[in-house]
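Numbering-wise, the sequence shown is residues 9 to 88 according to the numbering used here. Cβ atoms here follow ideal geometry from the backbone N, Cα and C, with glycine treated the same way. Before any comments, here is the structure.
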Amino acid sequence: MSPSIFREKGYRFYFLSNEEDRIHIHVTCEDGEAKFWLEPIISLALSHGLNPRKLNEIQKIVEEHKDEIIKAWQKHFSKR
9 MSPSIFREKG YRFYFLSNEE DRIHIHVTCE DGEAKFWLEP IISLALSHGL NPRKLNEIQK
69 IVEEHKDEII KAWQKHFSKR
């Protein structure tokens, strides 16, 4: 199961349900995918097929939605 948290500018932001405890978000679009850590600071964990411009754009979106992502993470993973 991979619940979508939100979509913005053609990107889908989501979690994978069998994840580790460290808060992070997965992102996909038609060009590729990425994973960003949210703790201890927002940082790129990995990416495939995305250029630096797109990665910067995604990171800014993650920064803008950080609180929303963390709340969604806590709600989703409290069910485990």
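Note the first and the last residue of the continuous alpha helix (DSSP H) segment covering residue i.
i          : result
leucine 63 : 60 to 72
Can you tell me where the beta strand (DSSP E) holding residue i begins and where it ends?
i          : result
glycine 40 : 40 to 45
So for residue i, helix, strand or coil by DSSP?
i                : result
phenylalanine 21 : strand
glutamate 27     : coil
Please return the same chain residues whose Cβ sits closer than 6 Å to the Cβ of residue i, not counting the five positions on each side in sequence.
i                : result
phenylalanine 21 : Ile13, Phe14, Ile33, Val35
isoleucine 69    : Glu16
Quick one: what's got a C-beta closer than 7 Å to residue i's C-beta in the same chain, skipping five residues either side?
i          : result
glycine 40 : Ser55, His56, Gly57, Leu58
Contact defined as beta carbons within less than 8 Å: I believe residue i pairs with residue j. What is the distance between those atoms, to the nearest angstrom?
i             : j           : result
isoleucine 66 : tyrosine 19 : 6 Å
histidine 84  : proline 11  : 6 Å
leucine 63    : leucine 52  : 6 Å
Residues in the same chain with beta-carbon distance under 8 Å from residue i, minus the five sequence neighbours each way, listed in chain order, please.
i             : result
isoleucine 50 : Phe44, Gln67, Val70, Glu71, Lys74
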